[in-house]
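Per our numbering, the sequence shown starts with residue 1097, numbered consecutively. Note that the Cβ used here is the ideal one computed from N, Cα and C, for glycine as well. Being a predicted model, the structure only gives us computed values, none of them experimental.
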Amino acid sequence: MLMWLAARAFAQGSPAEPCGPPMLLGTLPADGDADVLPAVVITIVFQAEGGSSCGGAFFFGELWDADFTTPVAAGFRTDPTGLVVTMTPEAPLEVGQAYHLFGDAASGPVDVQFTVGEGGLPMTAPDATVEVEAQPTCGSLPRTTLVRRVVLDAPKRGLLQARTLSDGIAEPWVTLGLVDGSTTTWEGVSDVLGAGHEHCAEARLLDETGAEVWVVTGSCAATEPCPEPLREAEESGCSTVGGAGRWLALLPALVARRRRQPRAARNRTR
1097 MLMWLAARAF AQGSPAEPCG PPMLLGTLPA DGDADVLPAV VITIVFQAEG
1147 GSSCGGAFFF GELWDADFTT PVAAGFRTDP TGLVVTMTPE APLEVGQAYH
1197 LFGDAASGPV DVQFTVGEGG LPMTAPDATV EVEAQPTCGS LPRTTLVRRV
1247 VLDAPKRGLL QARTLSDGIA EPWVTLGLVD GSTTTWEGVS DVLGAGHEHC
1297 AEARLLDETG AEVWVVTGSC AATEPCPEPL REAEESGCST VGGAGRWLAL
1347 LPALVARRRR QPRAARNRTR
């Protein structure tokens, strides 16, 4: 957890990191969905244009019945990335009724209508390939860039998340995107400080209630430690053993010793 937080601080403080405005990627449930479970947790997912988001995403709006007569009491929460907003109704929604999510998001209006049932949305089966690549960068601030890749054999629906376990210590789950049947491959990139560690990837799918449908453990990747930085003396090309460097190192002591000799002693040496 501390490694992840440090990497987040590094990424946010790097002036070379490209960033763009958060753009609305989609919602779960999506517009037109039917048979959504009554305990639905509405998820609004944004995507950063560029390497990272210039500021977090937001949503201002309400969930209404289909006739816009009665708003539904609900709470909002934004995940640590600032790109996923969840809206949780205070009570289960009514089976057989239509609901309307309407409001403004970071990149434009949100207008989603869905119908509640008892069957639930068809979720993606756990036939997934999960891989991780580790690319170390050495220097004054060594770091490792992790690329997580998830490939689904038969995507249907769900919220796809991934995380990395670095030397067995797990990062928080990060949302890769919404599964809607149109895409089979997702990628996520993050930085961790240091090198010389083993990183393993995991992926999971959440349904429209936020419940975990499945978890898949994927591949691992290890990196070599960065070389130790050169000491100041080595970088300057000087040596304190033998040669001119030895006499230069002794010179201050010889001068100080001569100054401590009595005047008479110094005269005898002339």
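Backbone CA spacing between residue i and residue j [nearest angstrom]
i	j	result
Thr-1182	Val-1226	25 Å
Val-1228	Val-1285	10 Å
Val-1132	Pro-1125	7 Å
Pro-1111	Leu-1272	Legend: pLDDT at Pro-1111 = 40, less than 50; position of this residue unreliable, no value from coordinates given.
Gly-1292	Glu-1283	23 Å
Ala-1250	Pro-1222	9 Å
Trp-1269	Ala-1258	6 Å
Lys-1252	Cys-1322	42 Å
Arg-1300	Thr-1139	16 Å
Glu-1324	Phe-1155	47 Å
Glu-1304	Phe-1142	17 Å
Pro-1185	Ala-1169	6 Å
Ala-1135	Pro-1167	16 Å
Thr-1189	Ala-1317	The amino acid occupying residue 1189 in the given sequence is Leu; Thr does not appear at that position. About 44 Å.
Pro-1069	Leu-1256	Any property of residue 1069 remains undetermined from this structure, which presents the chain solely from 1097 to 1366.
Leu-1159	Gly-1122	16 Å
Arg-1245	Val-1191	37 Å
Leu-1302	Thr-1165	31 Å
Gly-1290	Pro-1176	22 Å
Ser-1262	Gly-1116	28 Å
Gly-1204	Glu-1267	31 Å
Asp-1230	Pro-1218	As written in the sequence, residue 1230 is Ala, which differs from the Asp given in the question. Approximately 34 Å between the Cα atoms of the pair.
Neighbour-count burial assignment, residue i, 16 or more Cβ in a 10 Å radius
i	result
Arg-1173	exposed
Thr-1281	exposed
Val-1265	Correcting the residue type first, residue 1265 is Ile in the shown sequence and not Val. Exposed, by the Cβ-count rule.
Glu-1320	exposed
Arg-1355	Note that Arg-1355 scores a pLDDT of 48, beneath 50, so its modelled location is shaky and nothing firm can be said.
Glu-1214	exposed
Asp-1129	buried
Gly-1254	buried
Pro-1118	buried
Residue i and residue j closer than 7 Å at C-beta
i	j	result
His-1196	Ala-1162	yes
Pro-1194	Thr-1220	Per the sequence shown, residue 1194 should be read as Ala rather than Pro. Cβ distance not < 7 Å, so Ala-1194 and Thr-1220 don't count as in contact.
Thr-1240	Val-1288	yes
Gly-1306	Val-1137	yes
Phe-1198	Gly-1157	yes
Leu-1120	Ala-1187	no
Thr-1260	Leu-1248	no
Asp-1127	Val-1206	no
Ala-1144	Gly-1178	no
Contact test: residue i Cβ vs the ligand FAD heavy atom, cutoff 6 Å
i	result
Thr-1240	Because no ligand of any kind appears in the structure shown, any question about the ligand FAD cannot be addressed here.
Exercise for review: Determine contact between the segment 1267–1280 and the segment 1229–1236, defined as no fewer than three beta-carbon pairs at a distance below 8 Å.
Suggested key: With the cut-off at 8 Å, the segment 1267–1280 and the segment 1229–1236 do not touch.
Practice item. Would you list, in sequence order, the uninterrupted alpha helix (DSSP H) runs of no fewer than 4 residues that lie entirely inside the segment 1123–1193? Key: Fully enclosed alpha helix (DSSP H) runs of 4 or longer: not present.
Exercise for review: Determine contact between the segment 1292–1300 and the segment 1311–1320, defined as no fewer than three beta-carbon pairs at a distance below 8 Å.
Suggested key: Segments in contact, yes.
Check your understanding: Mind pulling the beta strand (DSSP E) runs of 3 or more residues that sit fully within the segment 1231–1268?
Key -> Correct list: 1239–1248 and 1254–1262.
**Study point:** Complete runs of the beta strand (DSSP E) confined to the segment 1274–1316 [at least 3 residues]
**Key:** Positions of the beta strand (DSSP E) runs, each at least 3 residues long and wholly inside the segment 1274–1316, are given as 1281–1289 and 1294–1302 in order along the chain.
Point to revise | Segments of 3+ residues assigned as beta strand (DSSP E) that fall wholly inside the segment 1192–1216 | key: Counting whole runs of 3 or more residues, the segment 1192–1216 contains the beta strand (DSSP E) stretches 1194–1201 and 1204–1211.
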